[in-house]
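All residue numbers for the sequence shown refer to the UniProt record's numbering, where the first residue is 1 and numbers rise by one.
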Amino acid sequence: MAKTDDLIKRIQDNYTKLSKSQKIIAEYIINHYDKAAFMTAAKLGASINISESTVVRFANTLGYNGYPELQNALQELIKNKLTTVQRLEMTEETDEIAILNNVLKADIENIKETINEINKDDFKRVVSDIINATKIYIIGSRSSIVIAEYLGFYLNLIRENVSVVKAGVSDVFEQILRVSENDLVIGIGFPRYSKRTLDVLKYAKSQNAKIVTITDSLISPLTSVADEILIAKSNMASFVDSLVAPLSLVNALVVAVGLKEKEKIADTFEKLESIWDEYGVYFSKPN
Numbered sequence: 001m002a003k004t005d006d007l008i009k010r011i012q013d014n015y016t017k018l019s020k021s022q023k024i025i026a027e028y029i030i031n032h033y034d035k036a037a038f039m040t041a042a043k044l045g046a047s048i049n050i051s052e053s054t055v056v057r058f059a060n061t062l063g064y065n066g067y068p069e070l071q072n073a074l075q076e077l078i079k080n081k082l083t084t085v086q087r088l089e090m091t092e093e094t095d096e097i098a099i100l101n102n103v104l105k106a107d108i109e110n111i112k113e114t115i116n117e118i119n120k121d122d123f124k125r126v127v128s129d130i131i132n133a134t135k136i137y138i139i140g141s142r143s144s145i146v147i148a149e150y151l152g153f154y155l156n157l158i159r160e161n162v163s164v165v166k167a168g169v170s171d172v173f174e175q176i177l178r179v180s181e182n183d184l185v186i187g188i189g190f191p192r193y194s195k196r197t198l199d200v201l202k203y204a205k206s207q208n209a210k211i212v213t214i215t216d217s218l219i220s221p222l223t224s225v226a227d228e229i230l231i232a233k234s235n236m237a238s239f240v241d242s243l244v245a246p247l248s249l250v251n252a253l254v255v256a257v258g259l260k261e262k263e264k265i266a267d268t269f270e271k272l273e274s275i276w277d278e279y280g281v282y283f284s285k286p287n
């Protein structure tokens, strides 16, 4: 099986030699390798209006013995994901306005793909799980901690017993030590996946807690222990992880839970508004 770094290097080394159509294939693979890895040559070609034979020739141009060998390399790429250095090397655009347009368009595309691919029944079940759990633990490592903190902040306004498991305060296993079968653990992880997040989910699973994962692919390592899976796309051909679609998904979860619990939380928000006014938490509008 071809090595991941070999595939990236082959694309980089041969890019200037590729035909216009082959460059389109290369760019599609770079931006959508998680999709391309499971497409036949015909389906890949059809998705970008290029013939199957051109896709096969592209594989040969990169030095592979046919498209199946290239596909194997793509599937290996998904398993390992791209290192930060590889993603930086693949980002060739330097014009600031072009970067602005490309990044925003990529985020829009990620949200569209998330809407199309998310399992709506799973979403409903996760909303119910959040409402019914005795206690909720949320774990997200490295850049995913941003999503975990956001979800934890708003769920804490809606219901009691919500904890964001954080590395550094104490060992993560100490924070989740008493997790039980009536609890819900939400694991959030995107490439490159944190092993510590998976370890926490495995421990929670061993204690019979319900596990929900928010991740980018059904073959994400986090899905191996999940009872419910919510997919949010995070494709970005750059050294920065795109968390726009994951944040939108989490925002939708918070809104859905809040509306289900609207009557229960009305008193909570009235009390909060009173506290915020009394202590001047927010700037008041000028008279």
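Ideal placement from N, C-alpha and C gives every residue a C-beta, glycine not left out.
The alpha-carbon of Phe269 is positioned some 9 Å away from that of Ile158.
The segment 24 to 38 makes no contact with the segment 224 to 232: fewer than 3 CB pairs, one atom from each, lie closer than 8 Å.
Non-local beta-carbon contacts of Val179 in its own chain, meaning distances under 8 Å to residues more than five positions away in sequence, involve Lys135, Tyr137, Val185, Tyr203, Ala204, Gln207, Ala209 in chain order. The bridge partners DSSP lists for Tyr137 are Ser163, Val185. For Glu261, no alpha helix (DSSP H) run applies, since DSSP gives it neither H nor E. Check the Cα spacing between Ile108 and each of Tyr150, Ile275, Ser248: the tightest is with Ser248. Between Ala245 and Thr114, the gap from beta carbon to beta carbon is short of 8 Å.
For Lys210, the enclosing beta strand (DSSP E) starts and ends at 210 to 215. Boundaries for Leu218: no beta strand (DSSP E) harbours it, and the DSSP string shows neither H nor E there. Of all C-beta pairs linking the segment 271 to 280 to the segment 138 to 153, fewer than three are shorter than 8 Å, placing the two stretches out of contact. Sequence-distant partners of Ile188 (beyond 5 residues in either direction) whose C-beta falls short of 6 Å from its own C-beta, in its chain, are Gly140, Ser144, Ile147, Ala148, Ile214.
Only residues of its own chain outside the window of five on either side were considered, and among them Thr134 have a CB closer than 6 Å to the CB of Asn182, listed in chain order. Counting only the Cα atoms, Val127 lies some 47 Å from Lys20. Looking at the DSSP output, Leu230 shares a beta bridge with Ile214.
By the neighbour-count criterion, in which 16 or more other beta carbons inside 10 Å mark a residue as buried, Val172 falls on the buried side. The Cβ-Cβ distance between Thr54 and Asn14 does not fall below 8 Å.
Annotated three-state conformation of Asp95 is coil, per DSSP.
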